[in-house]
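Undergrad:
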Amino acid sequence: MLKCSVRSIALSLLPLLTSGLSCDHSGDSPDVCDSEHYETISDRDAAGYFINKYGYRRTLEKSICLKDGSCVDIVDTVAYKGGRYFFVRDIAAGQILLSRMYLKLPQKSESSDVSIYDTSNWRINKTALDFFSYTTTMIEEMFTSGVVEMSKDTAAQVLSIGLGAGFMNSYLHYNYPNMNITVVDIEPKTLEITKKWFDLDLDDRHRVVIMDGVEFIKRAAEEGTKYDVIHIDACKPDPSADLACPLKIFLTPATVENLSKVLTDKGAVILNVINLQGKIQESAELVKSSFGDAFKVCTVKMAPYSHPNMVMTCGRHDTRKKGLKEKYIKFAKYPKSAEYEEVFV
């Protein structure tokens, strides 16, 4: 079993052959979905070609070894749900899927060249929420906690600890172009992977810093840097560990105090919390108690789309207002099938 000390890996028990994208080309608003409306190749034709050539799973690059000695693969998979085929790209360590993004079907061409079915050349879908991932809940919490203005023009200052495949930061950068997003990852190879395989687009409002996340937070506190939202999605994907996410180094009193210092007055820390042994209540209490002295309000709720992931949101003030979740569901244009009742732990 992979043992990983990298303070960056995003971890979820992602389903292999299911899909939960929030939008497609069937009429959803371009405010949330891709503004490029074009006729794509047939998903069935693409799936048929893929399955005949590779089976249901294709390894694009094998054994990319990280500096801690662990190795990962880049894998494309064909998935089927609701009468449609979807294609996903994963960072995988054996059977553990560490991070995922969805692929876009390419534009239909009059050419009969079969290279159009080569998924290694397809673009990444940065426009749609993934309703089988806890990351959608982490994004949702930015708005439903009352911290970030529910507007496409919001200019929130966002810090993300842990790059993974880059879904959260890429989605936010694409859909909220005025956000200022900084991602911190300790592993240089992760940045190489996301640039090569996950279409990472960096500019003056979207940057990646290769650095230890705890050290970055410490320096930010010393320099007086402030963020509206801090995402922490840093994990050790080891089923024998009593807490897979977040790494316990982020729960020390010194780090928690520094997190409090680098937040704006109404800001929030949002964490991915998971225990691979099924000890949900114990993990929630451990993480919540670690933040109790520095933060006035902490809520832990189940990520409805990727059990047993939980999402914890902590702030110095209670900014959560009644009705924000219902407002966000309409704002983000959740499909009816993705609406859910919150379960707090």
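Read left to right, the sequence shown gives residues -20 to -1, 1 to 325 (mature numbering (1 follows the signal peptide of the UniProt record, and there is no 0)).
Here a beta-carbon is modelled for each residue, glycine too, at the ideal position from N, C-alpha and C.
1. Does residue 312 come out as helix, strand or coil in the three-state DSSP assignment?
2. Along the beta strand (DSSP E) that carries residue 252, what are the first and last residues, could you check?
3. Start and end of the alpha helix (DSSP H) containing residue 24?
4. If you drop the 5 nearest sequence neighbours on each side, which residues of the same chain put their C-beta closer than 6 Å to that of residue 123?
5. Take residue 100 and list the residues in its own chain whose beta-carbon comes closer than 6 Å to its own, dropping the five residues that flank it on each side.
6. Identify every run of the beta strand (DSSP E) within the stretch 34 to 75, keeping only runs that are complete inside it and at least 3 residues long; order them along the chain.
7. For residue 261, is the classification buried or exposed, using 16 other Cβ atoms within 10 angstroms of its Cβ as the cut-off for buried?
8. With a threshold of 8 Å, are at least 3 pairs of Cβ atoms found where one atom belongs to the stretch 195 to 214 and the other to the stretch 126 to 144?
9. Counting C-beta neighbours from all protein chains within 10 Å, is the total for residue 301 16 or more, i.e. buried, or is it exposed?
10. Near residue 226, which residues of its chain fall below 6 Å by C-beta distance, leaving aside the five closest residues on each side in sequence?
11. Between which residues of its own chain and residue 163 is the CB-CB distance below 6 Å, once the five residues before and five after are set aside?
12. What does a CB cutoff of less than 6 Å around residue 26 pick up in its chain, not counting 5 residues either side in sequence?
13. Looking at residue 240: is its Cβ nearer than 9 Å to the Cβ of residue 275?
14. Along the chain, where does the beta strand (DSSP E) containing residue 160 start, and where does it finish?
15. Using a Cβ-Cβ cutoff of less than 7 Å, which residues in the same chain neighbour residue 85 once the five nearest sequence positions on both sides are dropped?
16. By the three-class DSSP mapping on this structure, what secondary structure does residue 125 have?
17. Look up residue 281 in the DSSP assignment and give the residues it is bridged to.
18. Beta carbon of residue 236, beta carbon of residue 273: below 9 Å?
19. Let me know the secondary structure DSSP gives residue 80 once reduced to three states.
20. Tell me whether residue 324 is buried or exposed, calling it buried when 16 or more other Cβ atoms sit within 10 Å of its Cβ.
21. Report the residue from 48, 75 and 103 whose alpha carbon sits nearest the alpha carbon of residue 68.
22. Who are the near neighbours of residue 18 in its chain, counting only those whose CB is closer than 7 Å to its CB and skipping five residues on each side?
23. Assign residue 286 to one of two classes, buried (16 or more other C-beta atoms within 10 Å of its C-beta) or exposed (fewer than that).
24. Whole angstroms is fine: what's the gap from residue 132's alpha carbon to residue 316's?
25. Apart from the five residues just before and just after residue 200, which ones in its own chain have a Cβ nearer than 7 Å to its Cβ?
TA: Taking the structure as given:
1. By one-based count along the sequence shown, residue 312 stands at place 332. Note: residue 312 maps to coil in three-state DSSP.
2. Translated into positions along the sequence shown, residue 252 becomes position 272. Element bounds for residue 252: 243 to 253.
3. For the purposes of this step, residue 24 is taken as the residue at position 44 of the sequence shown. Its alpha helix (DSSP H) spans residues 23 to 34.
4. Translated into positions along the sequence shown, residue 123 becomes position 143. Within the same chain, residue 123 has close Cβ partners 130 and 308.
5. Sequence index remark: in the sequence shown, residue 100 carries index 120 (1-based). In chain order, 40 place their CB closer than 6 Å to the CB of residue 100, counting only its own chain and leaving out the 5 sequence neighbours on each side.
6. 37 to 45, 51 to 61 and 64 to 73, all fully within the stretch 34 to 75.
7. Against the sequence shown, residue 261 aligns to sequence position 281. It counts as exposed.
8. Touching, yes, given that three or more Cβ pairs across the two stretches are closer than 8 Å.
9. The count along the sequence shown starts at 1 and reaches residue 301 at position 321. Exposed is the label assigned to residue 301, since fewer than 16 other Cβ atoms lie within 10 Å of its Cβ.
10. The sequence position of residue 226 within the sequence shown is 246, counting from 1. Cβ-Cβ distances below 6 Å link residue 226 to 212, 214 and 251 in the same chain, with the five nearest sequence neighbours on each side left out; the list follows chain order.
11. Here residue 163 corresponds to residue number 183 of the sequence shown, with the count starting at 1. Cβ-Cβ distances below 6 Å link residue 163 to 140, 143, 149 and 188 in the same chain, with the five nearest sequence neighbours on each side left out; the list follows chain order.
12. The sequence position of residue 26 within the sequence shown is 46, counting from 1. Within the same chain, residue 26 has close Cβ partners 97.
13. Position 260 of the sequence shown, counted from the first residue, corresponds to residue 240. Position 295 of the sequence shown, counted from the first residue, corresponds to residue 275. For residue 240 and residue 275, yes; Cβs fall inside 9 Å.
14. Start at 1 with the first residue of the sequence shown, and residue 160 comes out as number 180. Note, residue 160: beta strand (DSSP E), 160 to 165.
15. Numbered from 1 along the sequence shown, position 105 holds the residue referred to as residue 85. Excluding five sequence positions before and after residue 85, the CB atoms of its chain that fall closer than 7 Å to its own CB belong to 20, 21, 23 and 26, given in chain order.
16. Within the sequence shown, numbered from 1, the residue matching residue 125 stands at position 145. Coil.
17. As a position in the sequence shown, residue 281 is number 301, starting the count at 1. DSSP output for residue 281 lists 291 and 324 as bridge partner(s).
18. For the purposes of this step, residue 236 is taken as residue 256 along the sequence shown, with counting starting at 1. For the purposes of this step, residue 273 is taken as residue 293 along the sequence shown, with counting starting at 1. Inclusion of residue 236 and residue 273 in the CB contact set at 9 Å is warranted, their separation being smaller than that value.
19. Numbered from 1 along the sequence shown, position 100 holds the residue referred to as residue 80. The answer is strand: DSSP assigns residue 80 an E or B state.
20. The residue you call residue 324 lines up with position 344 of the sequence shown. Looking at its Cβ environment, which holds fewer than 16 other Cβ atoms inside 10 Å, residue 324 is exposed.
21. Translated into positions along the sequence shown, residue 68 becomes position 88. Ranked by Cα distance from residue 68, the options 48, 75 and 103 are led by 103.
22. By 1-based counting over the sequence shown, the position of residue 18 is 38. When the five nearest sequence neighbours on each side are left out, the beta carbons in the same chain lying within less than 7 Å of the beta carbon of residue 18 are those of 87, in order along the chain.
23. Here residue 286 refers to the residue found at position 306 of the sequence shown. Buried, because 16 or more other Cβ atoms sit within 10 Å of the Cβ of residue 286.
24. Locating residue 132 in the sequence shown gives position 152, where the first residue counts as 1. Locating residue 316 in the sequence shown gives position 336, where the first residue counts as 1. One alpha carbon belongs to residue 132, the other to residue 316, and they sit about 22 Å apart.
25. For this step, residue 200 is matched to residue 220 along the sequence shown. Cβ neighbours of residue 200 within its own chain (closer than 7 Å, five residues either side excluded): 242.
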